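Per my numbering, the sequence shown starts with residue 1, numbered consecutively.
Contents: one structure, followed by commentary.
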Amino acid sequence: MNREFKPGALVKFRKRNWVILPSTDSEIIIIKPLGGAEEEITGIYIPLQFQAEIPTSTEFPNPTGENLGDFESAKILFNASKLSFRNAAGPFRSLARLSFRPRSYQMLPLIMALKQNPIRLLIADDVGVGKTIEALLIARELLDRGEIKSLAVICLPHLCEQWKEELKNKFSIEAEIIRSSTVAKLERQIQDDRNVHQFFPFQIISIDYIKSERRKQIFTQSCPELVIVDEAHTCAKPSGASIAQQQRYHLLHQISKNANQNLILISATPHSGKQEEFQSLLGLLKPKFENVEISVTTDENRKELANHFVQRRRADVEKWMNEETPFPKRIAEELSYTLSPNYENLFAEVLNFAKGLTKSGEESKFSKRLKYWSALALLRGVISSPAAGVEMLRKKAGNYIDDENFLTDENESNPVLDDDFGNESDTAPTQLIEKLKITDLQSRTLKNLADKFENLKNLRDDKKAQEAYALTLKWLKQGFNPIIFCRYIATANYLGDLLKKELAKDYKNISVEIVTGEIHDEQRKEIIAEMGNSPKRVLIATSCLSEGINLQESFTAILHYDLPWNPNKLEQREGRIDRYGQNSPTVKIMLLYGKNNPIDGVVLKVLIRKAREIRRTTGIAVPFPENSKSILDAVLNAVLLQPEPKISTQQIKLDFGESTDIIAKKELEVTNAYQKAQKRETLSRSIFAQHSIKADEIEADLKETDLAIGNVKTVNDFVVQALKFLGVQVDKLDEGYRVFTTNLPKK
């Protein structure tokens, strides 16, 4: 009977139309439902089939004159037929299963991946270009081709829900989140001896859950066929002594040792400025790449690495097809404020106290470091806000423990400075003050200063908060919805409470919310989602939202309330809204700094403006150079050692006296380091932008698929035409439609 049907023939079986597929066994008929998926392919074993269930030939009759209908009904049927297909024509099988139409530039990593077996790819496009979509396009295509059946996404804990939504809403993949809070529930669903990694085909795993030795072994033994690692730079082999990062690297290294493992790494900043860390990531793609230094290696090595590494600036993507860019225009500016007389005088008192702490006689190296860091912590707290200042100053000092183990391996460098990639806490570093050994007089001084700062918690004395309120009001009137990033939880809560009170006077239905590290990941997500329903919204947040979380759907402006002491933070924060999918044509960015604040002065001059200028002229966000953290430490130390900075009230310029030469020297070091980093990044992007792959060829394939399965316009036309067919009034607006649902059937 099998020979009666040739491959491609149409048959009717169990009240459904099927297509005959090739079979190597004469006693088995292989069939696939018409318009069905690959997993629905089944076989009929002829010797055991029932007489009543014999496949019969069928066909679609040719249309006749009696079948003629009206043109509008025909269009609805035509579009419905297109949209019902789940297997696309052309070279890409997965496009019919997506809820969006990818841009041609987003297909490039997929084309690279399809040339590899196994797939080893580092996707390092700029922040906001769409690396998540690019990686998941590869996953969806491999699934639809039947090349893989399982997938794991390894990400930071607070990004698990975001990945789950992306997989479900855009790629029709239902994945389970695996972490400490979910694993017990998942294990209860398993009725046999399999573990969660063997039982669930699609997984999103918290890297901090899976990195432990025991869990790592279980995972690597049951590893899904494709592993995607988000924010891969946080898993590089650390050049320092970060135990947490070492565990992450060892996990990925163990995964990569399987020669057949498909592995995709995602990072907007693969090169943190530390060459050995970057090369450790390359080594995960292929062991030999760990010894490849791009700037000095051979063309042959670069060409081989380029097969596994894609890195494009946004400018490269914007001119990819000379089409309308999906990215907003970023307007970045600076806004200064002048400390009020009361605040300036009180800041001077804290500065003098801090200077006094650093003047020491015969003390251990540990004690000197602790005093310097404590002094810096006090200054950073009072610069941030009166509330953060009070929190720092009120900590009871004197519980000193002369224990050098207090400074753990992860705190070998100054803990007051900002880490490269969001590892620092958003709580004030009060533990430094608590460990200080100070006199009773100094303790009373701290308490007195705290009492004075309590009186500055108002818009009259706090000019910084005053400027933030004025700018927020201006942005809201212009139609922008801002995020205000603060360094410390105390500052965010203080500023948020102030703005809630003041903005309520201007807008009745405004949503003003505060999101900090005190709030659980799931609650943060709920708060942000709820804010999207308000016409006017202001979010005050700390660094807990500065990396990975996408906020472009609800927010269009960012105010850096506290200057970050690491320029990498700027790009991480701004990338939350300045990214693919932002509906506003313009996003606004503002840096707020104190004119007569010596700390803000050196941070802005030595670090931030240099990074800003490079990005403006080259379009590249250059990572903070490797040695710049120690340079900033030296600069801030010079400020503390200088007896008194002189401030010109005419021009608001800072003169650091003898320390000016030290600062100038260190500034030159930063400039040289940035220039070196700029050359490195420019070279990297010129090699790995993949210009050899032609955009017009990819676009032609996508348009061919559009014709077969429809696109966004097809969906739009189908919905509008179907509603009109049902008698619904549909009015076209400038953006979208107004639908009157009176005539819609109830069932």
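All C-beta atoms in this analysis are idealised placements derived from N, C-alpha and C, irrespective of residue type, glycine included.
Everything numeric in this text was worked out from a predicted model, so none of it was measured.
C-beta contact flag for residue i and residue j at 8 angstroms
i      : j      : result
Ala124 : Phe309 : yes
Leu265 : Leu122 : yes
Pro157 : Ile133 : no
Ala377 : Thr358 : no
Ile30  : Leu21  : yes
Phe202 : Leu186 : no
Asp600 : Leu636 : no
Arg487 : Ser336 : no
Asn597 : Leu339 : yes
Leu83  : Thr714 : yes
Gln729 : Phe740 : yes
Ala135 : Ile205 : no
Alpha-carbon to alpha-carbon, residue j and residue i
i      : j      : result
Lys15  : Gly36  : 14 angstroms
Thr182 : Arg188 : 10 angstroms
Phe13  : Phe50  : 12 angstroms
Thr439 : Val350 : 16 angstroms
Ile769 : Gln162 : No answer is possible for residue 769: the residues shown for the chain start at 1 and end at 747.
Ser26  : Arg93  : 29 angstroms
Asp426 : Asp497 : 18 angstroms
Pro287 : Pro224 : 21 angstroms
Phe406 : Lys437 : Only weak support is given to the placement of Phe406: the predicted model assigns it a pLDDT of 47, under 50, and the question is left unresolved by the model.
Ile519 : Ala529 : 15 angstroms
Asp734 : Asp462 : 44 angstroms
Leu285 : Gln245 : 18 angstroms
Ala332 : Ile589 : 5 angstroms
Lys505 : Asn583 : 28 angstroms
Glu174 : Arg460 : 53 angstroms
Lys447 : Ala664 : 36 angstroms
Ile514 : Ala492 : 7 angstroms
Lys732 : Arg738 : 7 angstroms
Option nearest residue i by Cα separation, candidates the options
i      : options                           : result
Gly727 : Thr472, Thr742 and Leu459         : Thr742
Ile510 : Val538, Glu530 and Ile528         : Val538
Val317 : Leu723, Val719, Lys746 and Gln690 : Gln690
His271 : Leu251, Gln246, Val603 and Ala236 : Ala236
Gly381 : Lys368, Arg369, Leu346 and Gly356 : Leu346
Leu34  : Gly8, Ile46 and Ile54             : Gly8
Asp126 : Glu231, Ile178 and Lys216         : Glu231
Ser222 : Pro238, Lys211 and Arg194         : Arg194
Ser534 : Thr516, Ser554 and Glu522         : Ser554
Arg113 : Gln247, Glu66, Gly130 and Asn262  : The sequence as given places Ala at residue 113; Arg does not occur at that position. Measuring from the Cα of Ala113, the nearest candidate turns out to be Asn262.
Lys274 : His250, Thr234 and Gly532         : Thr234
Ile138 : Glu334, Cys155 and Asn117         : Asn117
Ile44  : Phe60, Asp144, Asp70 and Phe5     : Phe5
Glu704 : Lys115, Ala96, Val715 and Ile205  : Ala96
Trp565 : Leu604, Glu277, Gly69 and Lys525  : Leu604
Pro745 : Phe725, Gly736, Tyr737 and Asp731 : Phe725
Residue i in three-state terms, based on DSSP
i      : result
Arg16  : strand
Lys67  : As written in the sequence, residue 67 is Asn, which differs from the Lys given in the question. Correct three-state label for Asn67: helix.
Tyr737 : strand
Lys359 : coil
Tyr45  : strand
Ala152 : strand
Val310 : strand
Ala236 : coil
Glu553 : coil
Pro386 : helix
Phe100 : coil
Thr56  : strand
Ile709 : helix
Ile30  : strand
Asp731 : strand
Gln191 : coil
Asn262 : strand
Thr132 : helix
Ile693 : coil
Lys211 : coil
Ala124 : coil
Quiz item: For the 8 angstroms Cβ check, are there 3 or more pairs between the segment 293 to 306 and the segment 570 to 580?
Solution: These segments do not touch.
Practice problem: Decide yes or no for the touch test of the segment 65 to 83 against the segment 140 to 148: beta carbon pairs closer than 8 angstroms, at least 3 of them. | Solution: Too few Cβ pairs lie closer than 8 angstroms, so no.
Quiz item: Is it true that the segment 543 to 552 meets the segment 452 to 471, where meeting means three or more beta-carbon pairs spaced less than 8 angstroms apart?
Solution: The segment 543 to 552 makes no contact with the segment 452 to 471, as fewer than three CB pairs between them are under 8 angstroms.
Quiz item: Within the chosen definition, does the segment 437 to 456 reach the segment 475 to 482 through at least 3 CB pairs nearer than 8 angstroms?
Solution: Verdict: no, contact absent.
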